[in-house]
Amino acid sequence: MNTQTQYLRPKAVCELLSISKATLYRWTDKGHFPKPVKLGARAVGYSMADIKNFINDRKGGADHE
Numbered sequence: 212m213n214t215q216t217q218y219l220r221p222k223a224v225c226e227l228l229s230i231s232k233a234t235l236y237r238w239t240d241k242g243h244f245p246k247p248v249k250l251g252a253r254a255v256g257y258s259m260a261d262i263k264n265f266i267n268d269r270k271g272g273a274d275h276e
């Protein structure tokens, strides 16, 4: 069983969701998207599990923009 959490960098999240970085940061600031995790001094990542949950929740039809 693989228990290691996978993270995506902001650019990859934007590509996956077809959104701009500005939209990603706006959603994060407003609490519409999960907060990033600090991966290093100058790097953040978003949990793949959190992203999957976000996508599943959006399938209900709510628009977060």
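All the letters of the sequence shown, read from the start, carry residue numbers 212 to 276 under the numbering used here. The C-beta atom is built at its ideal place from N, Cα and C for all residues, glycine as well.
Asked, Found
"Where does residue 252 sit, in a helix, a strand or coil, going by DSSP?", "coil"
"Would you mind sorting residue 266 into buried or exposed? The rule is 16 or more other CB atoms within 10 Å of its CB.", "exposed"
"Using 10 angstroms around the beta-carbon of residue 227, count the other beta-carbons present and answer buried if the total reaches 16, otherwise exposed.", "exposed"
"Just reading off the alpha helix (DSSP H) that residue 265 is part of, what are its end residues?", "259 to 269"
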